[in-house]
Amino acid sequence: MTVALWALVVLPAVAGGPLLLGGRRADRVAPALALGVAALVAALAVAVAAARPAVDAPMMAGARWGLAVDGTAALVVPAVAVVALLVLGYAAAEIRSGRSRFHGLMLVFLAAVLLTATATTLPVLLLGWEVMGAMSYALIAHHWRRDDAVAAGGTAFLTTRAGDLGLYLAAGAGLAGGTLDLAGLAGLPPGWRDVAAAGVLAAGFGKAAQLPFSFWLSRAMLGPSPVSALLHSAAMVAMGGYLLVRLHPLLVASGWAVDVAAWGGALTALALGAVALAQSDLKQLLAASTSAQLGYVVLGAAVAPAGAVAHLIGHAATKALLFLAAGAWLSALGTRRLSALRGAGRRHPLVGAGFAVGALGLAGVPPLALWATKDEVLAGARERSPALYLVGLAGALLAALYAGRALAVVLRPVPPGVESGYDTERDGTRVVTPGQRGPLVPLAVGAAVLGVLALPPLSQAVADAVGSGPAPPTRIAELVLSGLLAVAGLTVAVAAPARPPAPGWARAWLGLDLAARLLVVRPTLALARGLARFDDRVLDRAVRAVPGAALGAARGLARFDDAGLDRAVGAVPAVTRRAADAVARLDDHGVHALVRRLARAARRLGVLARRPQTGLVHQYYVQVVLMLGAAVLILLLAR
Amino acid sequence: MVVVAFVVLALVAVASGVAVFTVDSMARATFALALSFVAVGGELLLLDLGYLGVVTVLMMVMEMAVMAVFMVMFMMNPAGLMPMSMLHNRRGALAVSVGVFVVLAAGSVLVPWPTRRGGPPADPTRALGEAIMGSKMLVMMSISAVLFATMVAALVLATARGRYDRADSPERP
Amino acid sequence: MLSLIVFTPLAVAVLLLCWRGLPARAVSWLWIAVTVVEVVAVLGVWWAYPGEGFAYEVDRPWIPGAGAGYHVGVDGLSLPLLALTTVVFAACAVYSLRRQPRPRQFAALFLALQTTCLGLFVSLDLILFFVFFDLSIVGMYAVIAGWGHGPQARRSALTFFLYTFLGSLALLLGFIGLYVAAAPHTFDMVALTRDPPTRGVAGALVLLAILLGLAIKTPTFPFHTWLPPAHTDAPAAGSAVLAGILLKMGTYGFVRIAMPVLPDAWRRHAWVVVVVGVVSVLYGALVALAQRSFKRMVAYTSVNHMGYVVLAVGAAGLVAGSDAQARAVAVTGAVTQMVSHGLITSALFLLAGVLYDRGGTYRMDAYGGLAGDTPRFAALTAVAAFASLGLPGFSGFIAEFQIFAGSLGSAPVAVAFALPGILVTAALFLWALHRVFLGPARHRLSATADVTAAETAAVLPLLALSLLIGVFPRLLLDVVEPAARAVTELVAR
Amino acid sequence: MTERPLALLPELLLLAGAVSTLLTGAFLPRERQWVARLVAAGALLAAVLATLPAVGERTTVYAHSYALDAGTTAARLLIPLAGLLVVGIAAGRVAGNRRETEFYVLTLLAVLGAVLLAGASDLLLLAVAYLLSSVPLAGLAGWGRDRRGAEAALKVYLVGALAGVGLLAGAALLTALGGGASDYDRLAAGLAGAPSTAVAVGVVGVLAGLLFKIGAVPGHFWVPDAVQGASIPAGALLTTVPKLGGLLAAYRLFAVAVPADVVDWPLLVAVLAAVTMTLGNFAAFGQADPRRLLAYSTVAQVGYLLMAVAVAGRAERALPALLVYLAGYAVTNLGAFAVLAAEPHDTLDDYRGLARRRPWLAATLVICLLGLVGTPPTAVFAGKLTVFTAAWDGGLAWLVVVAAVNTVASLFYYLRWLVPALSLPSGPRPLRPASPRGPRVVAVATAVAALLGAAGALPLAGLVEQTLQR
Amino acid sequence: MTLPMFLLLASALFSVGLYGALSQQAVVMVMMGLELMINGVVVAAAALWWFLAPQQPDGQVLVLVVIAAMTVEMAMGFAVVTLLFRSSDADMTDMAGELRG
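Protein chains in written order, with the working numbering: chain A, 346 to 984; chain B, 8 to 180; chain C, 2 to 494; chain D, 270 to 739; chain E, 210 to 310.
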């Protein structure tokens, strides 16, 4: 079994690496290979989930290369693996350009996710964690000829890495505190424990696109749909929440971290829900809702780990489904704009049906998955504080509203002349291939039934697996309430013909992107340029000033053994003056090569030092006598 | 009596020394220098260094003769009899040399010279001879080497034509 | 054995110089052969290395008048750098299969340079160390002045020479100070390490001199101004060696001489080192971010990466209130970083050479969308760039992780300040990749512009090694960790 | 008093060599004076060989007026060898000249004078040796008998005469103050209680003469002019042989005769060293004529050498350091002059493309100039290292710092010569100017010696060690 | 008749000679200056021997050496002057200022 665990991580990596570098030659075989590996990985995932092996090998002082499948992982790993398999199946049908690169990246990414999910020590976790970020960069920038896509990838990588710095901090704290094991972090001495908790929070929020990091997810939507479906719904962002779930003990141990996580999640659910409601672009809407739903996961990680895991899995299925549906339309109709997607559901019924299931689930309509899972999280929230609960409920209502809105758009009859709005992104093929349709079905099923994870009797099993004590008893009343809320919101959204008010701040993702630009990027670049200028001018000049000083000294020297006493008298002021304006001249001249400076200064020194050598013997005589006199003076004074 | 002699000779020596650089003809300067040397020789005699005194006088007189001839041969103004003054940096030189004199004089007066050890030998000249033949033998041998070297070097520098030259043979670098 | 490894290249160099008629191809192949043999030999040494303490020691009197001896040996600190040296020089040899002007002299010079580098890393005598230190400067000067491109290669070379020569003399002063302070007088590192000679102010002054010399060579802020011009005008192989090996001489000096021989001065002034390190990290990263020339950018990232090393060794000196293991990890990270930076930056400079060779300029805005025409070149550069920005899976990550994790305990604030460095590094490399390789094609290179087999053969092994270390760090750490622990204990005494 | 004529066998051989060379030359036709050259070389070689049995002696002869110890032994080995190299350099330049024989004779005498200078442990002998080594210098300087040669001779002579007066006056004063004894051993005893003011004047007087010999400030004025004006072989001799003798003499004087507690001569010498090296280095900047450049570089080198004298008797390694440096300096400096003699040019730029024309010569130049900088592993590096160490050990750390800074500065002007020599010829490839073989051989030989210096310093240092231990 | 008296005389001669050496242009005159200085040295040496250590003969020998030195200097001086005069037809130090800097 340990072999299976190693294979789980290594297999996709070694399969992906060659594909990645394979170039055009590998394009043909890439999809098939990728699918095969993904299938194998899925099987392995199920197997290890059952057997829960743990392996480790020496890595570095104070940290071992440890992998293990604990209860949480046993739930998440298979889910991720399966979703990945389905998404790859879809991608095989959709992706046309740079196939080997794409599939290679996907496989390496898969390996990284599984590594992250099974890591037991911080270095290993960080390893998978950062590779995920890099892969997301490469995948978002899949269409590398497009500057905006590349820039978007960069934003995603840098933003998430900014959060990752937290993990480095945590690692430092762990080592200073004596352990790098994830399990041991909760037991760190207080000071280091808080540092670790803060770092973990930062990392989790960054990856999970929680406030204030959410904006990168919006720009990430420039990537291909399968990427959005896997990275930005099921796998990568989910890992942010997953990390917090795994480190629930640490959060609890440090006290304050729990509140930060809970409120951060709840507020994200609320704010990004509003953002989603305001979007006019389907993928953007879905992205915002991803942040919002992950908000529940993070909230759950703080207050109800079991619920969080359940919600995470349910959301993975649901959101993958929705993204794939949106992707299908994008490739068929060439647009993502809601206004242009009117009736898309009727034009492609199966896709429409799948989308409907997903949207209803997103809205939290019973008995679909997210209804129950979200409710378990909310139950945990209510136990912590009513305010938290209310905020969560409001978020749920918003979810119902935007889900309903999307649903209403795609399901209503095809209006005439809608074609005019097609092909805004690319030239649509007008057909959805079977390969694209196929994966939707199992995902839809998953989105429909996974709610059982949050309902008795399974909920208790999940709770045991996650090891967060007994699951809070779910009250029927709340289930009904949230269900009614969802239905109400849905009906309102569907009934309301006009698009809801969309304030600018919401449409622009709370202006987070702009804020980051103004507050971080610009100043950094300005500072960099300033420093570069400083480096070219000031430092060199400082170096160049040295000859200037030496010049002064040498003038003094030359004066000293210069012929004639009268001159020697007037030397001192002259020396200082000349040295001064020498340095001044050095400054005036602006940027020059250091060596030319040195050379010139040296030559001046040379001239000065050569002045005594007048070639006239009698002047030599005078100097000799004077210097010998000076020598006697030295001897007399030195006694 | 002796003191008087000393003072007289000293005055002569210094005065003629000054004269060397004040008289307006090189020939006279030469003779002034010779006079100064003679005076010094006299001073040595006062310290009953008979031998050394005589040697000094003879040497110097001879040299002065050579120098006189020499100037007749080479100087700008043959016989060096016409008035001339070839000075430079006079003020500087004066300042320096006066300074040096003050320092030396002050030193020679103020320095607490050690006390005399033992008395003079009965016959200083004899002592000198023994020293030359004895402890200072190496010095004398070296002096002979010096004289040899001087001959060679002076010949190399002074004689226009080497052993091999007929008048027409060209210089070779 | 070591002496053989060290002086074989020199012997071949002399042979090459004397052998007028040798055709260019033969020269290149001979050169490659020698370097490869060196790699194999060092691998053999590595394989036979007991794992603790000094091995292959040779100690002969050399200049009794000066109390200097010919004392060489390897331990866990020098062995990795020794291997690195051979690998990088082999890569340069392969890379130089592309025609160089005056190939015979070029090869000879590089072989001689290799001898100086190898010798420096094995020498256990201060004077021997200094000799090789100084000769490496002379050799590199000749490389830049003789084969540099660009109008002011001469000038840059002179700057480099004068500046680093100044550093080496400061170093010499420090060594003499040690010698005089030691009783009995000796230049032997091992003896000096056994009982550190100086204490108090004298120790501080000696340390100052040594630090100055090493800091100029490393280089750290603010002594780095010689680096960018030297790199910009040096030939690709020269830059690779300069950045890959010569810079390590400075940092190696920290762990080999400054820390073990002057422990208490080091402890007392470690905070200065830490501050210098942090400033170098941030400063190097930010200035690199603002560069327009690819090669200058890489040069400044060297300042940044060396900054991490300095930070780590400094933090290892802050003994109070931090546990030994963490400090050992920091030192391990420092050594790992030396190796990693040597591999990755050499690769980057060789690739920069390819860029210049094809496009005739280092200005990044002159290119764009190259990935279309030269996919292999783009792929190699991308891998190198990600390795350099510390992506896990490559050696850089192992190094930086250990440095940060190890240093945080003793210098939390400093590390907190230094951490953004890796973010800036990431930003500047992504930006550079974007400007040069991605986006719409702005610069059309000839169809044959992609990397040649030779160039690939030169660059790929370096990156492969980096990957290997990144995935299986034990290969390296097994050797480094004991030595690092030893150094930590020496400092802490 | 110990009369051991054979104790001075090397010196006697030199003198006899001078005489017999002169006589041989007198009977030779102009074109066959190489025989005289052989005689001279033979005499020098004989002197070296005659020294070997005496290695390790520690005694004084002729009533303490001449010391036989490590210093003298080294002088007896080094100086004749240097003379031999000079003869080699001269071979190509002066062959067939009508005064060729005289050149060798004067060389021999200069060598003899330098050796006596180094060995003298008696103020009188010091004065005579001073004369003996000054007179041939003037002769050699003016040997070419051209306008510049005459000026060179004039300057050597006049400055030397003034310094000589100082030396004589100082000798008189010290002898009297030392209780009338002029040999160092009794002098040291006598000076212990003497009035230090007078002693100071005396010391400075004697020092004036020695400073002229070694060409250190303030006695350095003749060096550049003489080296530029005299013929190249003469220049090589002027900058090497007397320095060797003079520095050893100064070392002996201070180490044995003058107690440091009467007058603080270490400080004085240190200051002189600092001034000398600084002046030499700075003045060497921007010299266009390689001869002047070398001349100033020798001044700077003497500055470094004086560091060892400054710590005479206070750092136990001072003497070995001085000897190692002297050996390295002599070899390296003569090597540079040999290159000059092999391909004489009036400006540095004329050496452009030397690497193409004569690679071996260029290599020699590189080795010798870098050696003068003090780049390892050359002989001068070994010397510098030991001298710096000794100086620091003797408590003159500040001086070591000054010297280090100076070294960096010196690099600059040496490179000014190297860069054109190594760079490609700008114009059409110039034809190789004819170049005599002698200097080239010497050049390469010295280059090898200078390069292996660090290792080659080993036997010499070892020798010093054992002689000191006896 | 005391030592200081002799030393004063010596100083006077020495200084006068120095003045000459410094101020004269003609090489021969400069030589005369040097002669005069040596002259002073002779006086000083003799007096120092007589008044401080008459038992040691070294002082006397020194005087002898000084005289010999004086002679040698003279001879060399004449030779140099001859050479100078022959080669560049000059007898002034200032005329030989070609080598400088």
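For each residue, glycine too, the CB sits at the ideal point set by N, CA and C.
Keep in mind that this is a model prediction, so the values were computed, not measured.
In the three-state DSSP reduction, Met-304/E falls in the helix class (H, G or I). In the three-state reduction of the DSSP assignment, Arg-370/A falls in the helix class. Below the 9 Å Cβ cutoff, chain D contributes no neighbours of Met-241/E, its closest Cβ being approximately 12 Å away. Per DSSP, the continuous beta strand (DSSP E) segment holding Val-400/A begins and ends at 399–405. Scanning its chain for C-beta atoms nearer than 6 Å, with the 5 sequence neighbours on each side dropped, one finds around Gln-403/C the residues Val-330, Thr-333, Gly-334, in chain order.
Within the segment 944–955 of chain A, the residues whose Cβ lies closer than 8 Å to some Cβ of chain E are Arg-955, listed in chain order. Contact with chain B is absent for Glu-369/D, since none of that chain's Cβ atoms lies less than 7 Å from the residue's Cβ. The beta carbons of Leu-365/A and Pro-398/A sit no closer together than 7 Å. Counting only Cβ-Cβ distances below 9 Å, Phe-166/C has contacts in chain D at Val-642, Thr-644, Thr-676, Val-677, Leu-680, in chain order.
For Val-962/A, the C-beta contacts it makes with chain E under 9 Å involve Val-236, Val-239, Thr-302, Asp-303, Ala-305, Gly-306, in order along the chain.
Cβ-Cβ separation between Leu-127/C and Leu-83/C: approximately 19 Å, too far for a contact (criterion under 8 Å). DSSP places Asp-539/A inside the alpha helix (DSSP H), whose first and last residues are 535–552. Bounds of the alpha helix (DSSP H) holding Ile-33/C are 25–49.
Judged by their CB atoms, Leu-835/A and Ala-745/A are nearer to each other than the 7 Å cut-off. With contacts defined as CB atoms closer than 7 Å, Gly-229/E and Phe-155/B fail to qualify as a contacting pair. Going by C-alpha positions, Gly-434/A is about 9 Å away from Ala-383/A. The secondary-structure analysis by DSSP pairs Arg-409/A across a beta bridge with Pro-403/A. Separation of Ala-91/C and Val-242/C (C-alpha to C-alpha, rounded to the nearest whole angstrom) is 10 Å. The beta carbon of Tyr-426/D is closer than 6 Å to those of Ala-407 in its chain, skipping five residues each way along the sequence. Residue range 295–318 is occupied by the alpha helix (DSSP H) that includes Thr-302/C.
With the criterion set as a beta carbon lying under 9 Å from some beta carbon of chain E, the members of the segment 414–428 of chain D are Arg-414, Asp-415, Arg-416, Arg-417, Gly-418, Ala-419, Glu-420, Ala-421, Ala-422, Leu-423, Lys-424, Val-425, Tyr-426, Leu-427, in sequence order.
Val-510/D places its beta carbon 7 Å or farther from that of Val-600/D.
Cβ atoms of Ala-300/C and Leu-228/C come within 8 Å of each other, at about 5 Å. The alpha-carbon separation between Arg-306/D and Ala-316/D amounts to approximately 15 Å. 7 Å or more divides the Cβ of Ala-505/D from the Cβ of Thr-633/D. Rounded to whole angstroms, Met-246/E and Ser-142/B show a C-alpha spacing of 28 Å. At least one CB atom of chain E sits nearer than 7 Å to the CB of Thr-959/A. When the five nearest sequence neighbours on each side are left out, the beta carbons in the same chain lying within less than 6 Å of the beta carbon of Leu-59/B are those of Leu-51, in order along the chain.
By the C-beta criterion, the segment 40–48 of chain C is judged not to be in contact with the segment 140–159 of chain C, since fewer than 3 inter-stretch pairs fall below 8 Å.
In the structure shown, Glu-401/C falls within a helical segment according to DSSP collapsed to helix, strand and coil.
Judged by beta-carbon spacing, Leu-312/C lies beyond the 7 Å limit of Val-336/C, meaning their Cβ atoms are not closer than that value.
Contact between the segment 266–284 of chain E and the segment 433–453 of chain D is present: three or more C-beta pairs spanning the two stretches fall below 8 Å.
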